[in-house]
Amino acid sequence: MTDLAIAANGLRKSYGDKAVLDGVDLAVAEGTIFALLGPNGAGKTTAVKILSTLVSPDPASGEIRVGGHDLAADPQAVRAAIGVTGQFSAVDGLITGEENMLLMADLHHLPRKEGRRVAAGLLERFDLVEAAKKPASTYSGGMKRRLDIAMTLVGDPRIIFLDEPTTGLDPRSRHTMWQIIRELVTGGVTVFLTTQYLEEADQLAHRIAVLDGGRIAAEGTAEELKRLIPGGHVRLRFSDPAAYRSAASALGEVTGDDEALALRIPSDGSQRELRSVLDRLDRVGVEADELTVHTPDLDDVFFALTGGAGLPHQSKESVR
Ligand SMILES: Nc1ncnc2c1ncn2[C@@H]1O[C@H](COP(=O)(O)OP(=O)(O)O)[C@@H](O)[C@H]1O
Ligand SMILES: [Mg+2]
Numbered sequence: 001m002t003d004l005a006i007a008a009n010g011l012r013k014s015y016g017d018k019a020v021l022d023g024v025d026l027a028v029a030e031g032t033i034f035a036l037l038g039p040n041g042a043g044k045t046t047a048v049k050i051l052s053t054l055v056s057p058d059p060a061s062g063e064i065r066v067g068g069h070d071l072a073a074d075p076q077a078v079r080a081a082i083g084v085t086g087q088f089s090a091v092d093g094l095i096t097g098e099e100n101m102l103l104m105a106d107l108h109h110l111p112r113k114e115g116r117r118v119a120a121g122l123l124e125r126f127d128l129v130e131a132a133k134k135p136a137s138t139y140s141g142g143m144k145r146r147l148d149i150a151m152t153l154v155g156d157p158r159i160i161f162l163d164e165p166t167t168g169l170d171p172r173s174r175h176t177m178w179q180i181i182r183e184l185v186t187g188g189v190t191v192f193l194t195t196q197y198l199e200e201a202d203q204l205a206h207r208i209a210v211l212d213g214g215r216i217a218a219e220g221t222a223e224e225l226k227r228l229i230p231g232g233h234v235r236l237r238f239s240d241p242a243a244y245r246s247a248a249s250a251l252g253e254v255t256g257d258d259e260a261l262a263l264r265i266p267s268d269g270s271q272r273e274l275r276s277v278l279d280r281l282d283r284v285g286v287e288a289d290e291l292t293v294h295t296p297d298l299d300d301v302f303f304a305l306t307g308g309a310g311l312p313h314q315s316k317e318s319v320r
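For the sequence shown, position 249 matches number 249 in the UniProt record's numbering, and the numbering has no gaps at all.
Take a look at the structure:
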C-alpha cells in the first residue's frame, strides 16, 4: 500500500440538524492530485476546513490522518505539513504582492534574508515579478490566484488544499492554474482540490470523489467513473431519407431520429465496433454524411449518479 497523505474515515459534520458531511471516507495517496467534486453547497469547503484543522469534525467521525498525523491528537503537526488556498482569497489588496509574500514569510518565522529569497523565487515562478511592487488590489483574478498559491507555498507544505482554485477565472487563467497545479505535483507535493467543474477534475486529478448529499456517490479515476455508466454511441447522420432507412434496417439495434435523419448505435467507440458498423453500411451500399463517436464523459457520470443536481455546464470550447 502506498502512503496516504490524507486518510479520513466516516468524516461527519452537521450544522444544526443539517448533516453537511454524513460519513465521508477519503484516501489520498502521497504525490497525487485528488479532486473532490460537487455542486455549490455540497460540503466541499467544509471538508477542506476540517482536513486543514480550521473547523472541528463532529465527535462521531472516525479517525482522520493528514500528513501521517492524527488530526484530533496533533493538529499542530498537521498544520506544519499543509498549505491552504481558500475559496476566498487571503491576499491583502492594500499592500503589494511582494509585501503579501513577505508577510507570509514572517508568519512562517523565516529569517529576513531567507524570507526575501523565498518570496523573490516564488514571485518569479508565478510570473509576478513585474507586478510585485503594485498593490494587489490592481491584480487580475488570475494574478490574485497565483499570488494566493505563491503565498501558500512560502511554508513549503507537503500537502496543499486548493478550494475551487479556478472558479471565476477566464479560460486562459484557468489553463495557467492547471499548469501550476500539475507542476506542484511534479515537485512531489500532494494536492487536494475541490471543484465544481467536471472538466477540471478530468484534466487534473488522479482520483476523483463525487460528493452528493453529504456522501461520496462515487470515487475512482476519471476512466473508472466513466466506465460506471453506459452512454457511448456512434451517431450517423444522413441527408437522403432512403439511405437513412436502409441504414436503419441494416444496423438493427439502433435508435433513430426521423426528423434529423440520424441514427444512434450503442458502442464503446472501439475500432472494431466502428469497422463493423461501416461494414454493414457498405453491404447495403449506403454512406453516412456524418459520423461522430460519443464516449461518455464525466458529465454523463455526474448526472447518472446524482440525478442531475445542477453542476454548472461549461461549454468544453470555453476551457480547452
Ligand atoms: N458555519 C456554518 N454554519 C452553518 N451552516 C454552514 C456553515 N458552513 C457551511 N454551512 C452549510 O453547509 C453546507 C455546505 O457548505 P460548503 O461546505 O461551503 O459547500 P461547498 O463548498 O461545496 O459549496 C451549505 O449548506 C452551507 O450553508
Ligand atoms: Mg466552497
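Note that beta-carbon positions come from the ideal geometry of N, C-alpha and C, so glycine has one too. This one's a predicted model, so the numbers in the text were calculated from it and none came from an experiment.
query = At what residues does the beta strand (DSSP E) containing Y139 begin and finish?
reply = No beta strand (DSSP E) contains Y139, which DSSP labels as neither H nor E.
query = So is the beta-carbon of T85 under 7 Å away from any non-hydrogen atom of ligand 2?
reply = For ligand 2, not one heavy atom lies less than 7 Å from the Cβ of T85.
request  = Compare the Cα-Cα distances from T53 to each of I159, P75, F126 and report the closest residue.
outcome  = P75
ask   = Roughly how many angstroms lie between the CA atoms of V191 and R245, to the nearest whole one?
value = Each residue's Cα considered, the two are about 53 Å apart.
query = Just the residues with CB closer than 6 Å to a heavy atom of ligand 1, in chain order, which are they?
reply = Y15, V20, G38, N40, G41, A42, G43, K44, T45, T46
task = Compute the Euclidean distance between the alpha carbons of R207 and Y197, then round it to the nearest angstrom.
result = 14 Å
ask   = Are there 16 or more other CB atoms within 10 angstroms of the CB of Q203, so buried, or fewer, so exposed?
value = It counts as buried.
Where D3 falls, given that 16 or more other Cβ within 10 Å makes a residue buried = exposed
request  = For D170, verify whether its CB is less than 7 Å away from any heavy atom of ligand 2.
outcome  = Incorrect: D170 has no Cβ contact closer than 7 Å to ligand 2.
query = Buried or exposed: F88, going by 16 or more other Cβ atoms within 10 Å of its Cβ?
reply = F88 comes out exposed.
message = Per the DSSP calculation, R125 is bridged to which residue(s)?
response = Beta-bridge pairing links R125 to no other residue.
ask   = Alpha carbon to alpha carbon, what distance is there between T292 and R174?
value = 28 Å
request  = Using the Cα positions of T96 and P111, report the straight-line distance between them to the nearest angstrom.
outcome  = 20 Å
query = Per DSSP, P266 forms a beta bridge with which residues?
reply = H233
ask   = Any idea which residues DSSP pairs K13 with across the strands?
value = L21
message = Three or more C-beta pairs under 8 Å: does that hold for the region 259-270 against the region 232-251?
response = yes
message = I'd like the span of the alpha helix (DSSP H) that includes D156, first residue to last.
response = Looking at the DSSP string, D156 is not in any alpha helix (DSSP H), and its letter there is neither H nor E.
key: Three-state secondary structure assigned by DSSP to T255   = strand
message = Can you determine whether any heavy atom of ligand 2 sits closer than 7 Å to the C-beta of E30, and answer yes or no?
response = no
query = Got a sec? Which residues, its chain only, sit under 6 Å from G62 by beta carbon, not counting five neighbours each side?
reply = N9, G10
inquiry  = So, for G155: in the same chain, excluding its five sequence neighbours on each side, which residues have a beta-carbon less than 7 Å away from its beta-carbon?
reply    = G83, H108
key: Cβ separation of R237 and A288, assumed to be a contact under 8 Å, to the nearest whole Å   = 6 Å
query = Should D163 be counted as a contact of ligand 2 given a C-beta to heavy atom distance under 7 Å?
reply = Result yes, Cβ under 7 Å from ligand 2.
8 Å Cβ cutoff met for V66 and I181 = no
message = Buried or exposed, going by whether 16 or more other CB atoms sit within 10 Å of the CB of R117?
response = exposed
task = Using 10 angstroms around the beta-carbon of T45, count the other beta-carbons present and answer buried if the total reaches 16, otherwise exposed.
result = buried
ask   = Roughly how many angstroms lie between the CA atoms of G41 and G285, to the nearest whole one?
value = 54 Å
message = Which of the three DSSP states is assigned to E290 in this structure?
response = strand
Candidates R146, A27, M151: closest to G68 by CA position = A27
Inter-stretch contact (C-beta, 8 Å, three-pair minimum) for the region 113-131 and the region 142-151 = yes
query = Are the Cβ atoms of R145 and L169 separated by less than 8 Å?
reply = The beta carbons of R145 and L169 sit closer together than 8 Å.
key: Reference E224; option with closest CA among A209, T176, R215, A47   = A209
Candidates T221, G220, M143, A201, of which the one nearest P39 by Cα = A201
message = Quick check on DSSP: helix, strand or coil for V118?
response = helix
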